[in-house]
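J.:
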Amino acid sequence: MTYKNKTMDNFKESLKYYKKTIEEYLLTILPKSNDKTAQAMCYAVSNGGKRIRPALVYIIGEMFGTAIEKLNPAAASIELIHCYSLVHDDLPAMDDDDFRRGKPSCHKQFDEATAILAGDALQTLAFEVLSEPNLNPVDDSAKTKMVSCLAKASGSNGMVLGQTLDMESESKFICLDSLKELHKNKTGQLIKASINLGIIASDKIDTIAKQLLNKFADSIGLLFQIQDDILDVVGDSKTLGKPQGSDIENNKSTFVSLMGLEEAKVAAQNELNKALDCLKELREAGLEVTKLKNIANYFYYREM
Ligand code: GRG
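Note that the working numbering gives residue 997 to position 225 of the sequence shown, counting from 1, and the numbers run on in steps of one.
(1) Per the DSSP calculation, Gly-871 is bridged to which residue(s)?
(2) If you reduce the DSSP assignment to three classes, tell me which class Leu-852 lands in.
(3) Considering Pro-826, what are the terminal residues of the alpha helix (DSSP H) in which it resides?
(4) Going by alpha carbons, who is nearest to Ile-850 out of Thr-959, Phe-836, Ile-1067, Lys-987?
(5) What span of residues does the alpha helix (DSSP H) with Ala-865 cover, start to end?
(6) Looking at Asp-949 and the ligand GRG, is the gap between the Cβ and the nearest heavy atom below 7 Å?
(7) Roughly how many whole angstroms lie between the Cα atoms of Leu-995 and Lys-842?
(8) With a threshold of 7 Å (Cβ to nearest heavy atom), would Leu-799 be considered close to the ligand GRG?
(9) Identify whether Lys-1052 lies in helix, strand or coil by the three-state DSSP scheme.
(10) Let's see if you can read the secondary structure: which residues bound the alpha helix (DSSP H) around Asp-1000?
(11) What is the C-beta distance between Ser-974 and Phe-836, in whole angstroms, given that I count them as a contact (C-beta under 8 Å)?
(12) Which residue from Lys-1052, Phe-1027, Lys-915 puts its Cα closest to that of Asp-949?
(13) Does the beta-carbon of Glu-785 have 16 or more other beta-carbons within 10 angstroms, so that it is buried, or is it exposed?
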């Protein structure tokens, strides 16, 4: 068995556990009512995502011995923001996608107005989960830091900025630096926030470790996006849950369109190496980083 297969098989078991954990928790906080928006919210969250952002929160928490109850609200909040962003991203006014995760996108299953409302309500639910004393057991100072971290990462200087830059760049040539800036915000900010939410939920993490974890987050965020662009060219539509080649069809600048496939693969490998270098330093400082190493490799080797 190759290193790739062995690593992926072992790590997929951990991912399954994190996925089950977050999905069970999400069921406890999603609305139970029968109105259309509530149903659309449940549909958008329960349609089979990989849950890699919650996994990052759990992995960081585990590294520092933090109880799962302290991590669940943070893990849920980031997944709720991610799901809202996908619902809105699929709308006709944005990316206009009929399918998400292999199933009709939210506005196709329901209707546009309901999908907009469901996205809005998923976003507010994320902040409710973080701020509600009955739901989030961390102390008030940590709650405030979590709300601030998530708001900044998802707002007009974070993911929304990334989406704005993406819309502005449609059918235009943009340079590699602009593309990196776009994805640092659109994809990278939530990945980084996942790590920082795990850090906030955990006690006694020194500044050097925080800096290294943030550097690691920057590299895996970029790696995730480069791999996404590579998969759009070499992936298989059934596995991806969306039509392969959609970026090219939509005339998007991607790492592959700007660098070519082979160079994009090299760039992905470089980001993986940078991420692994951060982990080496963390390991030398006495931290157990195996799962972070595995998730970085998972981002590199993923097929969906
Ligand atoms: C609408 C404000 C707003 C933002 C949308 C994240 C985003 C911004 C759009 C998603 C479009 C996209 C395909 C981005 C590329 C990388 C990415 C975030 C892929 C989807 O994330 P996964 O692979 O999805 O973690 P699953 O389905 O596993 O949850």
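Cβ atoms here follow ideal geometry from the backbone N, Cα and C, with glycine treated the same way.
T.: Once the coordinates are examined:
(1) Counted from its first residue, the sequence shown places residue 871 at position 99. One detail in the question is off: residue 871 reads as Phe in this sequence, not Gly. Pro-876, per the DSSP bridge assignment.
(2) Counted from its first residue, the sequence shown places residue 852 at position 80. In the structure shown, Leu-852 sits in a helix (DSSP, three-state: H, G or I).
(3) In the sequence shown, counting from the first residue as 1, residue 826 sits at position 54. Counting along the chain, the alpha helix (DSSP H) containing Pro-826 begins and ends at 824-835.
(4) For this step, residue 850 is matched to residue 78 along the sequence shown. With distances taken between Cα atoms, Ile-850 lies closest to Thr-959.
(5) Residue mapping note: residue 865 aligns to position 93 of the sequence shown, counting from 1. No alpha helix (DSSP H) holds Ala-865; DSSP gives it neither H nor E.
(6) Walking along the sequence shown from the start, residue 949 turns up at place 177. No, Cβ of Asp-949 sits at least 7 Å from all heavy atoms of the ligand GRG.
(7) For the purposes of this step, residue 995 is identified with residue 223 of the sequence shown, where counting begins at 1. For the purposes of this step, residue 842 is identified with residue 70 of the sequence shown, where counting begins at 1. When rounded, the distance between both Cα atoms is 28 Å.
(8) Walking along the sequence shown from the start, residue 799 turns up at place 27. The answer is no for Leu-799.
(9) Here residue 1052 is taken as the residue at index 280 of the sequence shown, counted from 1. Looking at Lys-1052 - three-state DSSP - the assignment turns out to be helix.
(10) The count along the sequence shown starts at 1 and reaches residue 1000 at position 228. It spans 979-1006 - the alpha helix (DSSP H) in which Asp-1000 sits, taken as one unbroken run.
(11) Locating residue 974 in the sequence shown gives position 202, counting from the first residue. Locating residue 836 in the sequence shown gives position 64, counting from the first residue. Sure, about 4 Å apart at Cβ, within 8 Å.
(12) Taking the first residue of the sequence shown as position 1, residue 949 is located at position 177. Out of Lys-1052, Phe-1027, Lys-915, Phe-1027 has the C-alpha closest to the C-alpha of Asp-949.
(13) To locate residue 785, count along the sequence shown from 1; it is residue 13. Exposed, by the Cβ-count rule.
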